[in-house]
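Enquirer:
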Amino acid sequence: MVRFWEGSGRQSVIRYAKPTTVEEALALLGEDRWRILAGGTDFYPAQGAKPFRDNILDINGLAALRGIAETGEHWRVGARTTWTDIVRQKLPGAFDALKSAAREVGSVQIQNLASIAGNLCNASPAADGVPALLVLDADVELKSARATRHLPIGDFILGNRRTALQPGEMVTAIRVPKRSAVGSSAFVKLGARRYLVISIAMAAARLVIEDGVVADAAVAVGACSAVARRLVGVETALRGKPVSAALADAVFSAPIDELSPIADVRGSAEYRQDAAREIVVRAVRAAAGLDEGKVAA
Amino acid sequence: MSMTRSGMTRSGMERADIAFEVNGAAVSVSVPPVRRLSQVLRDELRLTGTKVGCDAGDCGACTVLVDGNPVCACLVPAASVTGASVTTVEGLANGRLSALQASFLEHGAAQCGICTPGLLVAATALLERNPTPSEAETQDALGGVLCRCTGYRKIVAAVMQASQHVNGVDLRLPEAGHAVGASPIRLDGVPKVNGTEKFGGDSFPADALSVLVVRSPHYHAGFSFGDIEAWVKAHPGITGVFTAADIPGKNCFGVIGPFADQPALAEGAARLRGEAVALVAGERETILDLDLADFPITWTERPHVLQPREAKAEGAAPIHQHRPANLLTSGYVERGDAEGALAGAAVTASGAFETSFVEHAYIEPEAGYAYMDGDTLVVVACTQAPYMDRDDTAKVLGLPVEKVRIVPTATGGGFGSKLDVSLQPLIGLVAMKTGRPAALAYTRNESMMSTTKRHPAEMKATIGTDGEGRVTGMVFEGDFNTGAYASWGPTVANRVPVHASGPYATPNYRATGYAIHTNGPIAGAFRGFGVPQATIMQETLYDELAGKLGIDRLDFRLKNCLRDGCETVTGQRLESGVGIGECLEQLQPHWTRAVAEAEAFNATSTASKRGVGVASCWYGCGNTSLPNPSTIKVGISAAGEVILHQGAVDIGQGSNTVITQICADALGLPLEKFKLRSADTAISPDAGKTSASRQTFVTGKAAEKSGRALRDKILRFANVSENASLDLDGSTIVIHQGEATRRIDLAALDTDADDLVFVAEETYDPPTLPLDAKGQGKPYALYGYGAQIAELEVDLKLGTVKLIKITAAHDVGKAINPVLVEGQIEGGIAQGIGMALMEEYIPGRTENLHDYLIPTIGDVPPVEHILVEVPDPEGPFGAKGLGEHVLIPTAPAILNAIRHATGVLVTKVPATPSRILAAIREKEARR
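First to last, the sequence lines map onto chains W and B. To convert, take the position in the first sequence, counting from 1, and add 19; that gives the working numbering. To convert, take the position in the second sequence, counting from 1, and add 50; that gives the working numbering.
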């Protein structure tokens, strides 16, 4: 059932709807322009004290979009799944980086509200969830009333605050291919204080280790480019290396061409470039079980 | 306006009936479904225990439980709680305080109390699943709630030990004559933990008009208004728009009369981003839905300057026509021959240092309401200085001061910024013009943009010693960016030269402080008035000198610190009460241990290095060479209560408790007989501003004098001698002297207009002398002293700093209330940590609490406090002030520790990871 209110704003009619099925939500998306309200943790700060002037599609009634399920090929994370849901769910070790990132998103109060899809749709360069999803080769499920499509994270987030979301579409799930949900992973966040902090930089690493050798590696860094990036040169350098302290050397000597950090209030561009490599080392070491991944602040 | 259907609001969206449960009771509200839960709780249900600090999830003050899970109520749409169970702070006590609330009171974990509800709710969720959490678990659970007063350590302890307080709180008060030196539960404590305390935004009348402030989006711009009348007509529900043209009085306020220069509403041009230019008043729902985008104002941007070096450059346009070179004023102290001493010094050290704007970041944004009571304007708002608010508001609004009444609410932190008026003249103007109550709560953004900051400083100094390591001379010069208006800039310019020597004997000295206008935010009072900045300069040079001399850094300070009988740089001879030597001596064993531990760690660690730093402070309590009186009135009512007119505004620091403790022991009656009257200007005499570390000292002295005077009156009435003891038994005063007992039946005696039978009112003004042209004189009647050691670890690859411990020795003369003293120390240290490592306000960029970082519960290490009590004969029971002292040594101690760890001194604060790593890299490149 669609619960539906309409109101008359001074400039225009503003609609609010809180559908209870995805089909209803998609039908509404197909007929008008809407701003989607999910966890609210980016929605309300962006609103500030300004009055509402957009139609608001409140998707908090869509029970089907919350929770993590195992399907034949994928781990399927519903769009509305909160960071707390992710922390509490039993998942393979490949998700440890994601769980660790989940614990660093804002605060417990934020983690109890904020949704994983919101983190992607908000498209902040400093979104903590993105590097961990990148190393899981996750993709984004987009639905409209007419079609369903899937985009890799890197094709979904196009830039600072820009995504590939089309009018009429919404994110319904994040999917992690089971073939990528293997190995062990770790996440390192670098911030200027301990809690509630926007990252200066963060890194996620997932390693598949066979017989003491890195069989596969996935490494990503956030907040050092408009969109978090996988570091292909580092991954290549790590593959085939024995698990030892020398993994750090492989990272230090690998080319990193993907990053283009900017200077802002949180740090200089040079600092980010330097620190990114260092936290990659730490994420790799932690994923390899060489030491604890720890928050560097 | 289009047709309004029944049930329709003007808020652009139809209301919905939303039913849920709050604290176990079923409720239903009719609100737009996307309205923030925090607003629903506060405005619809009047559950104002849930506080709003940022409306963005950055501060956690609005934390509530929804179905048992903590969330920020400001981020939850009303629609989401349909059918849910919500718990607020008001629901934590079931007729009696919960163990957690009791533990908060016992530990002194609530100071101003504005963040307390959010902390209690978040901690309740933790304790539900884990009754005995570890420190790390406690920090993880509370990391989302910011506190600016306490430094968090007492909060952590209160949560970890909550399970030991299941029997509630011990509210018993010390017996007569034993109040001073005891640490009873703060007298205003219970309302701070049960959600009933009323802060600036918690008691708006239901029929109040809401006020919106139109502010400049530019650093410097001319402006003109279009057809305001037509705009008002086009917006039903708007009652009026008010501009500078409507101001009936002198549109010019300022905390220091001769420098007053700030309009309540700008006239024709705005000098800073965020300056108020117009007020829009209207019905609450109208204002909530008002978009100011079409407000008829045209801006013409003008060139602006943000840096003092641009502002004072030749040819720079003056921000105020009568202040050439944008110099507001300067302060100067000269003693002996500084140049000569440096020329002849065996060793010298020179350096330059830069600091940033620092935001006070109290969790309560400015809030209040005003109404007309007959022909008297009443302003009910948070403040640090009710009488100064009264005088400035009256001036702006053209009213005699007796026609303005300031009623202070509880104040959710101030730290200096709530000394200046903010919204008082604005809401006062609306109430006067409309005849209706007018209410306003600043958003976090407008609070940060429009209110004062700590002055950024650009300083340079040289200090020299003889071959033995005795300081022989010092030269200091500092530019302080005072922003667009004067505020407390003159005080900073004057206090800095007086204090820049630190608490060290400096026979030859020259120091100058300049307050320079820019189009930046107004820099005013912030805990220390420029002294924290200057101390960074001096204390980092002291480390360099000790290094050059090959003397232990603590020994070097001990060798040079002021002692009884020394003269200060202003030529003031300190006869007694100089406690810095004892503070440093008390730190010696801690220093030895810390240095040894750091060396042991560094012997094996290469990726990170530990460091230890020390720094001192001194600080004159009260106004600099200016009158500074406090008046305290205390009486005995016919009902047998001691009525204390406690005019020293308690902004969390504890004056409600401390002033009463002093008065109780001076009078000789127990604390439990005291009833406090507030700092309402209509009922209590002026106890001055809560500033300059003066309340315990100055108002405390007035309380001591009035307590003794009241005691004398009673004893004279009873015709007994001075050594008699007093007691109150119902409405009878019982007087014992030796074997004899006398009883005074209060009900049988006449009372005055205030229903008091006996009453005393005494004033104290600290004896100071003016400073002459060379800054020589006696600027303060007494000084407080302190020194701190910082231990930390620097990650050499990332430039991050992990604080390990702060050891703080503070000479407070006499700790009237040791737990409150500890609270001040920990809170000051937390602000010092912020200043040292993370806080940098950049106008236009960090006007919120996620870009502007203050320490969280995970950023303050264990603090060991050492209370040194070297009594000062001028202070009540020997007490000295300490509110500002406690912040001063922290940042320089941290910077010195970073240098000890890394070999590099970062010369700009905050020492962010980025700046620290850059300094390390630069040093490596020099090799």
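Where a beta carbon is used, it is the ideal one built from N, C-alpha and C, also for glycine.
In three-state DSSP terms, what is V230 of chain B?
Expert: Reduced to three states, the DSSP call for V230 of chain B is coil.
Enquirer: How would you list, in chain order, the residues of chain W whose beta-carbon sits under 8 angstroms from the beta-carbon of I892 of chain B?
Expert: Ordered by position in chain W, the residues that pass the 8 angstroms Cβ test against I892 of chain B are V284.
Enquirer: Which same chain residues end up closer than 7 angstroms to P171 of chain W when comparing Cβ atoms and leaving out the 5 residues on each side of it in sequence?
Expert: The answer, listed in chain order, is D158.
Enquirer: Can you pull the DSSP bridge partners for I75 of chain W?
Expert: In the DSSP output, where bridge partners are listed per residue, I75 of chain W has W:Y35, W:R54.
Enquirer: From K598 of chain B to G401 of chain B, what distance separates their C-alpha atoms?
Expert: Roughly 14 angstroms between the two C-alpha positions.
Enquirer: I want to verify the contact list: residues of chain W whose CB lies under 7 angstroms from the CB of C197 of chain B, in sequence order.
Expert: Correct list: empty, because the minimum Cβ distance to chain W is about 12 angstroms.
Enquirer: Determine the chain W residues that contact I907 of chain B at a beta-carbon separation under 8 angstroms, and present them in chain order.
Expert: Residues of chain W passing the Cβ test: R213, Y214.
Enquirer: Have a look at B:I892, B:I966, B:R560 and flag the residue whose alpha-carbon is nearest the alpha-carbon of G390 of chain B.
Expert: For G390 of chain B, the nearest C-alpha among the options comes from B:R560.
Enquirer: Counting Cβ pairs closer than 8 angstroms, one from the region 188 to 199 of chain B and one from the region 165 to 178 of chain B, do we hit at least three?
Expert: Counting Cβ pairs under 8 angstroms, three or more are found: they touch.
Enquirer: Which partner residues of M438 of chain B appear in the DSSP bridge assignment?
Expert: According to DSSP, M438 of chain B bridges with nothing at all.
Enquirer: Looking only at C-alpha atoms, which of B:N180, B:V206, B:D423 sits nearest to L192 of chain B?
Expert: The option with the nearest alpha carbon to L192 of chain B is B:V206.
Enquirer: So, does the region 180 to 194 of chain W touch the region 155 to 169 of chain W, judging by three or more C-beta pairs under 8 angstroms?
Expert: Yes, they touch.
Enquirer: Can you name the residues that DSSP bridges to Q787 of chain B?
Expert: According to DSSP, Q787 of chain B bridges with B:A790.
Enquirer: Quick one: which residues of the region 194 to 221 of chain B get their C-beta closer than 7 angstroms to a C-beta of chain W? List them in chain order.
Expert: Residues passing the 7 angstroms Cβ filter: G194.
Enquirer: Interface residues of chain W around T113 of chain B at Cβ under 8 angstroms?
Expert: In chain order: Q128.
Enquirer: Along the chain, where does the alpha helix (DSSP H) that runs through N217 of chain B open and close?
Expert: Per DSSP, N217 of chain B belongs to no alpha helix (DSSP H) and is neither H nor E.
Enquirer: Put L939 of chain B into one of helix, strand or coil per three-state DSSP.
Expert: A small fix is needed here, since residue 939 of chain B is Pro in this sequence, not Leu. Coil at P939 of chain B, not helix or strand.
Enquirer: Kindly say whether E297 of chain W, judged by its beta-carbon, lies nearer than 8 angstroms to any beta-carbon of chain B.
Expert: So, interface residue.
Enquirer: Identify the contact partners of I219 of chain W in chain B, using a Cβ-Cβ distance below 8 angstroms as the criterion.
Expert: Going along chain B in sequence order, the residues near I219 of chain W (Cβ under 8 angstroms) are P963, S964.
Enquirer: Could you tell me the alpha carbon to alpha carbon distance between W668 of chain B and H549 of chain B, rounded to whole angstroms?
Expert: About 7 angstroms.
Enquirer: When the Cα of C199 of chain B is compared with those of B:F292, B:A774, B:E414, which residue comes out closest?
Expert: Here the closest residue by C-alpha is B:E414.
Enquirer: Check distances from the C-beta atoms of the region 68 to 98 of chain W to those of chain B and list, in chain order, the residues that come in under 8 angstroms.
Expert: Within the region 68 to 98 of chain W, the residues whose Cβ lies closer than 8 angstroms to some Cβ of chain B are A68, K69, P70, F71, R72, I75, D77, N79, listed in chain order.
Enquirer: Give the straight-line distance between the Cα atoms of G318 of chain B and D311 of chain B, rounded to the nearest whole angstrom.
Expert: Going by the C-alpha atoms only, they are around 15 angstroms apart.
Enquirer: What do you get for D845 of chain B, buried or exposed, if any count of 16 or more other CB atoms within 10 angstroms of its CB means buried?
Expert: Buried is the call here.
Enquirer: Count Cβ pairs between the region 286 to 306 of chain B and the region 326 to 344 of chain B that sit closer than 8 angstroms; are there 3 or more?
Expert: At 8 angstroms Cβ cutoff, the stretches touch.
Enquirer: For the beta strand (DSSP E) containing S274 of chain B, list its first residue and its last residue.
Expert: S274 of chain B -> beta strand (DSSP E) spans 271 to 275.
Enquirer: Look at the Cβ atom of L447 of chain B, then the Cβ atom of L427 of chain B, and state whether they are nearer than 8 angstroms.
Expert: Result yes, Cβ atoms of L447 of chain B and L427 of chain B sit closer than 8 angstroms.
Enquirer: Considering only their Cβ atoms, is the gap separating I219 of chain W from L209 of chain W smaller than 8 angstroms?
Expert: Contact: yes.
Enquirer: Step through the CB atoms of chain W and report whether any lies within less than 8 angstroms of the CB of S56 of chain B.
Expert: For S56 of chain B, the pLDDT reaches just 34, beneath the cut-off of 50, and the residue's location in the model is therefore unreliable, although a value from the coordinates is still provided. Not one chain W Cβ lies under 8 angstroms of S56 of chain B.
Enquirer: Write down the C-beta distance between L262 of chain B and L342 of chain B rounded to the nearest angstrom, noting that I regard them as a contact closer than 8 angstroms.
Expert: About 7 angstroms; that satisfies the 8 angstroms criterion.
Enquirer: What residue from B:N531, B:E811, B:E841, B:D605 has the CA that sits closest to D762 of chain B's CA?
Expert: That would be B:E811, whose Cα lies nearest to the Cα of D762 of chain B.
Enquirer: What residues of chain B sit near K37 of chain W, judged by a beta carbon separation below 8 angstroms?
Expert: Chain B residues near K37 of chain W: P83, A129.
Enquirer: If we ignore side chains and look at the alpha-carbon of each, how far apart do V124 of chain W and E889 of chain B end up?
Expert: Cα to Cα, V124 of chain W sits roughly 21 angstroms from E889 of chain B.
Enquirer: Would you list, in sequence order, the uninterrupted beta strand (DSSP E) runs of no fewer than 3 residues that lie entirely inside the region 902 to 957 of chain B?
Expert: Listed in chain order, they are 913 to 918.
Enquirer: Any Cβ of chain W within less than 8 angstroms of the Cβ of K958 of chain B?
Expert: No - not a single Cβ of chain W is within 8 angstroms of the one on K958 of chain B.
Enquirer: Buried or exposed for A166 of chain W, please, with buried defined as at least 16 other CB atoms from any protein chain shown within 10 angstroms of its CB.
Expert: Flag for A166 of chain W reads exposed.
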